[in-house]
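Chemist:
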Amino acid sequence: MVRFITALLAVSASLSTVWATTTCSVDSPCPEDSPCCSAYGECGVGAYCLGGCYPLASYSIDSCTPAPVCVNKTYTWDNLDKAASNEVYLGNATEYDWVYSGTPLLDNGNLLLTMPNNSVGTLFSNNHYVWYGRISAKLKTSRGAGVVTAFILMSDVKDEIDLEFVGVDLYHGQTNYYFEGILDYDNEINATVSSNTFENFHEYTIDWTPDAITWYVDGTAARTLNRSATFNATSNRYQFPQTPSRVEMSLWPAGLSTEAEGTIEWAGGLVNWSSTDMEEHGYYYATFGEITVECYNPPSGANIQGDKSYVYTSDSAVTNNTVEITDRNTTLNNFDDTGLNMTAGTTAGASATASSGDSVPTSNGAGTVPGSSDSGSGTDSSSSSTTGFVQGGTTTDKSGATSQNTRIRQGSLFAVVVAVVALVVI
Ligand SMILES: *[C@@H]1O[C@H](CO)[C@@H](O)[C@H](O)[C@H]1NC(C)=O
Ligand SMILES: *[C@@H]1O[C@H](CO)[C@@H](O)[C@H](O)[C@H]1NC(C)=O
Ligand SMILES: *[C@@H]1O[C@H](CO)[C@@H](O)[C@H](O)[C@H]1NC(C)=O
Ligand SMILES: *[C@@H]1O[C@H](CO)[C@@H](O)[C@H](O)[C@H]1NC(C)=O
Ligand SMILES: *[C@@H]1O[C@H](CO)[C@@H](O)[C@H](O)[C@H]1NC(C)=O
Ligand SMILES: *[C@@H]1O[C@H](CO)[C@@H](O)[C@H](O)[C@H]1NC(C)=O
Ligand SMILES: *[C@@H]1O[C@H](CO)[C@@H](O)[C@H](O)[C@H]1NC(C)=O
Ligand SMILES: *[C@@H]1O[C@H](CO)[C@@H](O)[C@H](O)[C@H]1NC(C)=O
Ligand SMILES: *[C@@H]1O[C@H](CO)[C@@H](O)[C@H](O)[C@H]1NC(C)=O
Ligand SMILES: *[C@@H]1O[C@H](CO)[C@@H](O)[C@H](O)[C@H]1NC(C)=O
1 MVRFITALLA
11 VSASLSTVWA
21 TTTCSVDSPC
31 PEDSPCCSAY
41 GECGVGAYCL
51 GGCYPLASYS
61 IDSCTPAPVC
71 VNKTYTWDNL
81 DKAASNEVYL
91 GNATEYDWVY
101 SGTPLLDNGN
111 LLLTMPNNSV
121 GTLFSNNHYV
131 WYGRISAKLK
141 TSRGAGVVTA
151 FILMSDVKDE
161 IDLEFVGVDL
171 YHGQTNYYFE
181 GILDYDNEIN
191 ATVSSNTFEN
201 FHEYTIDWTP
211 DAITWYVDGT
221 AARTLNRSAT
231 FNATSNRYQF
241 PQTPSRVEMS
251 LWPAGLSTEA
261 EGTIEWAGGL
271 VNWSSTDMEE
281 HGYYYATFGE
291 ITVECYNPPS
301 GANIQGDKSY
311 VYTSDSAVTN
321 NTVEITDRNT
331 TLNNFDDTGL
341 NMTAGTTAGA
351 SATASSGDSV
361 PTSNGAGTVP
371 GSSDSGSGTD
381 SSSSSTTGFV
391 QGGTTTDKSG
401 ATSQNTRIRQ
411 GSLFAVVVAV
421 VALVVI
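In this text, residue positions in the sequence shown follow this note's numbering: the first is 1, and each later residue adds one.
1. What residues match up with I325 in a beta bridge as DSSP calls it?
2. Compute the minimum distance between the beta carbon of T338 and the heavy atoms of ligand 10, and state whether it is under 7 Å.
3. Can you give me the C-alpha to C-alpha distance between Y89 and H128, rounded to a whole angstrom?
4. By the three-class DSSP mapping on this structure, what secondary structure does Y59 have?
5. What are the uninterrupted segments assigned as alpha helix (DSSP H) that are 4 or more residues long and contained completely in the stretch 222 to 284, given in chain order?
6. With distances taken between CB atoms, is the gap from N272 to G144 smaller than 8 Å?
7. Locate the beta strand (DSSP E) running through N190, then write down its first and last residues.
8. Thinking V69 and S309 are a contact (beta carbons under 8 Å), I'd like their distance in whole angstroms, please.
9. Please report the straight-line C-alpha distance between N108 and Q305, rounded to a whole angstrom.
10. Quick check on DSSP: helix, strand or coil for N86?
11. Can you tell me whether E279 is buried or exposed, with buried defined as 16 or more other CB within 10 angstroms of its CB?
12. Of all the options T234, S257, D207, D218, which has the alpha carbon lying nearest to the alpha carbon of Q242?
13. Using a threshold of 7 Å, is the CB atom of N431 nearer than that to any non-hydrogen atom of ligand 7?
14. Can you give me the Cβ contacts of Y312 inside the same chain, cut-off strictly under 7 Å, excluding the 5 residues immediately before and after it?
15. Go ahead and pull the three-state DSSP assignment for N176.
16. Let me know if S85 comes out buried or exposed under the rule of 16 or more other beta-carbons within 10 Å of its beta-carbon.
17. Can you check whether the CB of V45 is closer than 8 Å to the CB of D315?
18. Pull up the distance between the alpha-carbon of L105 and that of L112, whole angstroms please.
19. Cβ-heavy atom distance between S316 and ligand 5 below 7 Å?
20. Name the residue from A57, G262, Y40 whose alpha carbon lies nearest to the alpha carbon of E32.
21. Would the C-beta of D169 count as close to ligand 2, meaning under 7 Å from any of its heavy atoms?
22. Hey, how far is the Cα of G282 from the Cα of D307?
23. Can you give me the start and stop residues for the beta strand (DSSP E) that V166 sits inside?
24. The beta strand (DSSP E) with L123 in it runs from where to where?
25. Rounded to whole angstroms, what's the CA-CA distance from D78 to R237? Just pull it up for me.
26. If you measure between the beta carbons of C64 and D156, is that distance less than 8 Å?
27. So, helix, strand or coil for D207, using DSSP?
28. With hydrogens ignored, establish whether the beta-carbon of T122 is closer than 7 Å to any heavy atom of ligand 4.
29. Rounded to whole angstroms, what's the CA-CA distance from T175 to T205? Just pull it up for me.
30. CB of E188 to nearest heavy atom of ligand 2: below 7 Å?
31. With a Cβ-Cβ cutoff of 8 Å, do A464 and S250 count as a contact?
32. With H, G and I counted as helix, E and B as strand and the rest as coil, what does DSSP make of C30?
33. Do the CB positions of F179 and F231 come within less than 8 Å of each other?
34. Using 10 angstroms around the beta-carbon of A260, count the other beta-carbons present and answer buried if the total reaches 16, otherwise exposed.
35. Out of curiosity, what's the CA-to-CA distance linking G345 and S275?
36. Taking C-alpha atoms, which residue in L139, D218, T214, N110 lies nearest to R227?
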């Protein structure tokens, strides 16, 4: 994922004037009126302040909303009632376990993440952060050059634990990790899978403790990374993932001409938008079965002041030692709110209008409010999502139309980036 996000950062920076957004980085944090720095490096309010909001590049440490704590749970896919589009989700993880962008579908009790023609695929994130735990997924990957299936843990300060599958190698998963977003591509190790990852379900597990990360394939340990092996003597710290992280599954195109050459090469070349899967279904797809999250108890020495949410207590160092477990709420009243005042706006569902350019990352300012009647409700999404796999081809138009619409919606930052990428590609 870091490769993808890095590419998106570059794209959004280069087009920021076109879209009238403010970009953000640690050296250039967001202004007070659009205080939240999204995972893609743009300032905003509402959804920008939820999962992925980067505290170090935001206006202040309290700009991002508190992150819901870990929940022990097994997820299955009879419906998508507990999944909300990022145009709908306001931070209530009790109401919605998952938030997504793109086009998830259901197929016989499985979750399909799809990547329609010329799209940037689907990202499906759990809303309950994990601060150490054991996460398992049964999945079948996608396939084809440039097509990447990912099952990862990602923190808001860019600690990342990866298992990624490039569609040109259906017999390996790539294990990898990043510490605080530092780009270092030398930590990748391949894990062998016993049979074709596209044809067969396999169970992949990430076991994450304060001392080690172990990746398993079908119950057999494929790699262990000890924290002790990540010590950086220069900076005198362990470069080991150590902050609350979300489980994220995604299907994304690394093989786009807009990506860095190294990324395209890594992914086995450019995506073929006329492949057999595209022609037959109208999209590339990865199939997810049961997902299980087991939360480990907070590490000894953790700063425990409550049991609802994780926050960071320092904006100079974001490590395991600056995480606090609090009773602070996680839900915004509406898409104009931020972590600085989560209840400034009227309660969700009531009508409201976009108040400033910074809150609407669009070219024309004609933003509509997510959750209002014209922007598509969660119910719409889940009902439409139950259709499609066998009649796949018909979803192509629909998805195209959706991404066009979402471009003008507030809070839909991924969709905006999608649209921006599409713009560049076209
Ligand atoms: C979150 O959703 C749950 C379940 O839908 C509901 O009971 C609760 O009141 C909601 N919390 C907030 C803060 O809206
Ligand atoms: C892992 O597998 C990929 C694709 O088969 C290959 O390109 C890469 O070099 C391998 N990485 C390592 C570290 O062996
Ligand atoms: C990790 O540490 C354990 C002891 O804590 C050791 O037995 C094991 O060999 C180490 N693994 C690696 C890959 O270094
Ligand atoms: C170790 O830390 C130093 C100083 O922060 C940094 O320059 C270097 O890149 C780090 N090494 C790795 C492998 O990340
Ligand atoms: C794309 O896939 C189709 C169907 O398999 C094939 O005929 C075509 O040659 C491929 N295009 C490229 C550029 O590989
Ligand atoms: C995808 O779009 C391209 C044009 O951008 C077109 O050439 C190709 O046939 C389309 N593929 C499918 C499966 O419709
Ligand atoms: C999750 O379950 C484990 C036992 O499987 C238990 O030790 C842990 O306290 C539970 N955590 C939460 C947050 O419920
Ligand atoms: C944070 O990690 C350090 C080792 O890097 C460890 O000594 C300390 O106990 C950890 N603190 C918490 C709260 O996990
Ligand atoms: C959380 O929100 C509820 C109402 O939804 C409120 O009663 C409670 O005081 C809030 N808790 C905190 C710590 O702000
Ligand atoms: C949040 O905004 C509301 C409405 O403007 C105001 O009444 C409330 O005092 C504010 N809360 C905080 C903590 O600033």
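The beta-carbon is built from N, C-alpha and C at its ideal position, and this holds for glycine as well.
Modeler: With the structure as the only source:
1. I304, Y310
2. no
3. 13 Å
4. coil
5. 261 to 266, 276 to 281
6. yes
7. 189 to 192
8. 6 Å
9. 43 Å
10. coil
11. exposed
12. D207
13. Residue 431 cannot be examined here, being either before or after the span of the chain that is shown, 1 to 426.
14. P55, I61, V318, T322, V323
15. strand
16. buried
17. no
18. 5 Å
19. no
20. A57
21. yes
22. 44 Å
23. 160 to 166
24. 122 to 126
25. 44 Å
26. yes
27. strand
28. no
29. 11 Å
30. yes
31. Given a span of 1 to 426 for the chain in the structure shown, any question on residue 464 remains unanswerable.
32. coil
33. no
34. exposed
35. 47 Å
36. T214
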